[in-house]
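Below: the structure, in structure tokens.
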Amino acid sequence: MTKRRGHTQAGRAAAGPGPVTGPVTDRTTAAAVTAPVQQAYARYARQAGAWIGRYQEQGGRVFCGAGCSACCNMPIRVSLAEALVTAQALTPVRAAGMAAHAEAVIRNARSARSDEEYVQRHREQVGFCPLLDRASGACTAYDARPTRCRDTFSAFPAVYCAVGTLEGMTPRERATYHREVARTPGTDGEWHFIAPLEHLSEPVWVAAARAMRQQWGLEVWGDFWVLTTLARSAEFMAEIGRGRARGAWQVAARLQLAHGAVLEIG
Numbered sequence: 292m293t294k295r296r297g298h299t300q301a302g303r304a305a306a307g308p309g310p311v312t313g314p315v316t317d318r319t320t321a322a323a324v325t326a327p328v329q330q331a332y333a334r335y336a337r338q339a340g341a342w343i344g345r346y347q348e349q350g351g352r353v354f355c356g357a358g359c360s361a362c363c364n365m366p367i368r369v370s371l372a373e374a375l376v377t378a379q380a381l382t383p384v385r386a387a388g389m390a391a392h393a394e395a396v397i398r399n400a401r402s403a404r405s406d407e408e409y410v411q412r413h414r415e416q417v418g419f420c421p422l423l424d425r426a427s428g429a430c431t432a433y434d435a436r437p438t439r440c441r442d443t444f445s446a447f448p449a450v451y452c453a454v455g456t457l458e459g460m461t462p463r464e465r466a467t468y469h470r471e472v473a474r475t476p477g478t479d480g481e482w483h484f485i486a487p488l489e490h491l492s493e494p495v496w497v498a499a500a501r502a503m504r505q506q507w508g509l510e511v512w513g514d515f516w517v518l519t520t521l522a523r524s525a526e527f528m529a530e531i532g533r534g535r536a537r538g539a540w541q542v543a544a545r546l547q548l549a550h551g552a553v554l555e556i557g
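The sequence shown begins at 292 in our numbering and counts up by one.
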């Protein structure tokens, strides 16, 4: 099963029929999958904190902080194990918002003609994650956020993370940007995100994959909003719990949340 790095995903799928907002079922069984992920989150937090401390001592700067939300309109992929952590933390109102966002993800994926168009339209039209409090810039499910929301750090000011900044650069401005990135410690030399903090998160996905395989005999990866919505479907989770990839796919298809670009089961 391919695990996701980066934010992008594209494809085509049918529009959703309505929100799935039921409770997460069988929490005891779910805990066998979510507990290893939460433990990996805690390890990552310790390791990332130590790395950032050393980075700052050496003159590096991390521009991310409370209220900074420029990256919260990026499409992301997660494991179902991560999505379960988030789903269990949602109120019915928040869950309904996630379901509506999942429908918008599907509509965008259905009509996008390329990965680039999918990402751009997600940021501009699907918009900010419904878990974001736009007034304060705070995540309303911060402790239950997925890995990508934990390991994305910027070595440049937030304006560089905002949609339209990089896309609107002239060739000369883009060349200057890449030169600045190349001389900034901690980046991959091409983009302004801090690469080592992403690399440190790899054990989270390893833990998620292992837990899913051990508990369900399969892995599930896909879009954050789609998977969080499916995690609240008792029928979908029952099929997953029985290790029935085809049955789970059929449930997702009936909910019109199934497409290879936003849901991988196997």
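C-beta atoms are modelled at their ideal positions from N, C-alpha and C, and glycine is treated no differently. Note that the structure is predicted; figures quoted are calculated from it, not measured.
Residue i in three-state terms, based on DSSP
i, result
"ILE531", "helix"
"ALA402", "Before going on, a small fix: residue 402 reads as Ser here, not Ala. Note: SER402 maps to helix in three-state DSSP."
"GLY557", "coil"
"CYS430", "strand"
"GLY343", "Checking the sequence, you will find Ile at residue 343 rather than Gly. Three-state result, ILE343: helix."
"LEU423", "strand"
"THR382", "coil"
"THR456", "coil"
Span separating the alpha-carbon of residue i from that of residue j
i, j, result
"ALA543", "HIS550", "9 Å"
"ALA429", "THR443", "15 Å"
"ARG537", "GLU471", "48 Å"
"ARG545", "THR325", "26 Å"
"ILE367", "ARG439", "7 Å"
"ARG501", "PRO437", "17 Å"
"TRP496", "ALA372", "9 Å"
"ALA374", "GLN505", "17 Å"
Extent of the continuous alpha helix (DSSP H) run through residue i
i, result
"ARG441", "438-442"
"VAL542", "536-545"
"VAL472", "462-473"
"PRO487", "486-490"
N- and C-terminal bounds of the beta strand (DSSP E) containing residue i
i, result
"VAL497", "No beta strand (DSSP E) holds VAL497; the alpha helix (DSSP H) holding it covers 493-507."
"TRP512", "511-514"
For this session: For the region 348-356 and the region 495-513, state whether three or more C-beta atom pairs, one from each stretch, are separated by less than 8 Å.
Result: no
Problem set entry | Cβ pair count under 8 Å reaching 3, the region 436-451 against the region 487-504 | yes
Problem set entry | the region 381-395 in contact with the region 445-460 per 3-pair CB rule at 8 Å | no
For this session: Examine the Cβ distances between the region 385-399 and the region 512-528 and report whether three or more of them are shorter than 8 Å.
Result: yes
Exercise. What residue ranges within the region 343-378 form continuous beta strand (DSSP E) runs of no fewer than 3 residues, ordered along the chain?
Worked result: DSSP runs (the beta strand (DSSP E)) wholly in the region 343-378: 368-370.
For this session: State whether the region 472-481 contacts the region 320-334, with contact taken as three or more CB pairs (one from each stretch) at a distance under 8 Å.
Result: Short answer: they don't touch.
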